[in-house]
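In what follows, a single structure is set out as structure tokens and then discussed.
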Amino acid sequence: MVLNWRFTEQQIPRAAGRIDQAQIKDGTLSIAGWMLLPSRLCSPPSLFINGTLFARTEQRQRPDVHEAHPWIDHAGLSGFAYSGSAEGIASCESFTIELVLFEDSFPCGYLATLVKTESIPPKKEEHPPLELIRQIGAPDVESFEAQGLKVLTDFVQAIQLSRGLPNTRRVLDWGCGCGRVSSPFSVFFPDVELFGSDIAENCVDWCRIHLHSSRFVKSALFPPLPFADSSFDVVLASSVMTHLKRTVQLVWLQEMNRVLGPGGLLLASVLGDYAFKREQAVKPEARSRLYNDCNSLVARTLLAFRGICDRTPNEGLAGKIPAGYYMNVFQTEKYTRAAWSQHFEVLRYIERGMDNYQDLVVLRKP
Ligand SMILES: C[S@@+](CC[C@H](N)C(=O)[O-])C[C@H]1O[C@@H](n2cnc3c(N)ncnc32)[C@H](O)[C@@H]1O
Numbered sequence: 004m005v006l007n008w009r010f011t012e013q014q015i016p017r018a019a020g021r022i023d024q025a026q027i028k029d030g031t032l033s034i035a036g037w038m039l040l041p042s043r044l045c046s047p048p049s050l051f052i053n054g055t056l057f058a059r060t061e062q063r064q065r066p067d068v069h070e071a072h073p074w075i076d077h078a079g080l081s082g083f084a085y086s087g088s089a090e091g092i093a094s095c096e097s098f099t100i101e102l103v104l105f106e107d108s109f110p111c112g113y114l115a116t117l118v119k120t121e122s123i124p125p126k127k128e129e130h131p132p133l134e135l136i137r138q139i140g141a142p143d144v145e146s147f148e149a150q151g152l153k154v155l156t157d158f159v160q161a162i163q164l165s166r167g168l169p170n171t172r173r174v175l176d177w178g179c180g181c182g183r184v185s186s187p188f189s190v191f192f193p194d195v196e197l198f199g200s201d202i203a204e205n206c207v208d209w210c211r212i213h214l215h216s217s218r219f220v221k222s223a224l225f226p227p228l229p230f231a232d233s234s235f236d237v238v239l240a241s242s243v244m245t246h247l248k249r250t251v252q253l254v255w256l257q258e259m260n261r262v263l264g265p266g267g268l269l270l271a272s273v274l275g276d277y278a279f280k281r282e283q284a285v286k287p288e289a290r291s292r293l294y295n296d297c298n299s300l301v302a303r304t305l306l307a308f309r310g311i312c313d314r315t316p317n318e319g320l321a322g323k324i325p326a327g328y329y330m331n332v333f334q335t336e337k338y339t340r341a342a343w344s345q346h347f348e349v350l351r352y353i354e355r356g357m358d359n360y361q362d363l364v365v366l367r368k369p
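When the sequence shown is numbered by our numbering, its final residue is 369 and no position is left out of the sequence of numbers.
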């Protein structure tokens with residue numbers, strides 16, 4: 004499948020933002036969401052579909068985004084919307100969306116995703132059960148599917164930029180969960196041999212039945228993985244390091260180095276500075292069990308002085324693995340670059356490069 008992106012080669016800073024709606028109904032394309040650069044107010048983004056300029060979007064007020072970003076004065080003006088003819092794309096099975104903020108004609112903020120159109124009927128029975136979807140942190144089937152396409156987009160663009168997709172034959176989705184990324188990956192890239200591993204047996208069981216019976220494995224809490232040295236060209240880690248303590252991250256980085264071939268890439272997301280500020284802004288009564296202590300003195304002190312805050316347990320796998328292993332971990336760019344370069348060359352650190360929220364670290368095995 005050919006995916007047309009216009010801006011993959013240009014390293015435009017990732018805006019903060021989200022597409023809340025992207026659908027084609029009765030020949031009308033409707034897209035809405037919010038997008039902002041923390042440093043300055045921009046005009047609403049331009050919309051590119053399948054690599055071609057499609058429309059300029061209209062600005063919308065977003066009080067909810069303002070509330071979520073109390074440290075950014077212009078956050079309330081970050082909403083955008085477009086509604087118009089879907090001519091030319093209504094018959095496609097999928098299409099690419101790129102939203103670009105411009106300043107003096109230069110692109111300065113970017114958000115991209117793949118979208119499946121209604122012409123592919125949602126086969127809900129093929130989605131994992133809600134219990135598994137919630138276990139990996141998605142609220143419902145629709146978000147699970149949209150997030151999978153979004154994260155896939157971010158990974159694929161980073162691979163294209165760093166080693167090229169044609170050179171990528173074997174990929175490991177490490178911490179694959181119940182296939183949020185693996186499922187769309189295998190649809191869009193059927194020629195790539197995709198493997199997956201996870202410590203959660205119920206997730207791996209689902210992937211083995213619905214994706215590939217022998218390529219998905221349950222792995223142990225600590226290395227080794229059941230793969231030979233230099234097995235993979237690329238390892239994807241979507242929101243896995245975000246759950247591992249400092250020492251455990253380092254042990255697994257060494258193992259990723261072992262299973263990657265020379266020149267292989269590890270793409271791993273982390274909760275960085277932007278995510279920490281967002282979680283600090285959440286009102287106490289709305290705070291979830293996921294990120295509940297970002298305002299505490301301990302969390303702020305650890306982040307400021309050690310560069311990593313890895314003391315908050317995440318209850319998502321409670322009863323399935325020993326307590327104290329699965330955490331919520333925030334870390335600074337400075338810490339990540341210094342600690343992770345023990346095992347890898349840090350090729351890129353893309354702020355908000357994963358889902359325009361987590362940071363994406365692109366590492367290369369020398
Ligand atoms: C937030 S979920 C993300 C799942 C998947 N990557 C995605 O994006 O949908 C984190 C996943 O990492 C898995 N995990 C945590 N520690 C792991 C480890 N040491 N090895 C493999 N998987 C791990 C968890 O079981 C969980 O499925």
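Just so it is clear, CB atoms sit at the ideal spot from N, CA and C, and this is done for glycine as well.
Since this is a predicted model, take the numbers as computed values, not measurements.
- According to the DSSP assignment, P316 belongs to the beta strand (DSSP E) that extends over 311-316.
- Annotation: S200 to G79 spans about 41 Å, alpha carbon to alpha carbon.
- Close CB contacts of F230 within its chain, under the 6 Å cut and outside five residues either way in sequence, are with V262 (chain order).
- Going by C-alpha positions, A141 is about 32 Å away from S233.
- The three-state reading of DSSP puts C111 in strand, counting E and B together.
- Put simply, of L152, V349, W255 the residue whose alpha carbon is nearest the alpha carbon of R367 is V349.
- DSSP, reduced to helix, strand and coil, places K221 within a strand of the structure shown.
- Distance from the CA atom of I52 to the CA atom of I100, rounded to whole angstroms, is 5 Å.
- Here DSSP, grouped into helix, strand and coil, assigns Q24 to strand.
- Counted as a single uninterrupted DSSP element, the alpha helix (DSSP H) harbouring S165 occupies residues 144-165.
- Taking each of V254, F109, L117 in turn and checking the Cα distance to H346, the smallest one comes out for V254.
- Just measuring C-alpha positions, the residue of Y328, I162, L104, L152 sitting nearest A203 is Y328.
- The DSSP-derived three-state label of D232 is coil.
- In the assembly as shown, Q13 is an exposed residue. Its beta-carbon has fewer than 16 other beta-carbons within 10 Å.
- Annotation: the continuous alpha helix (DSSP H) that includes L256 extends over 249-262.
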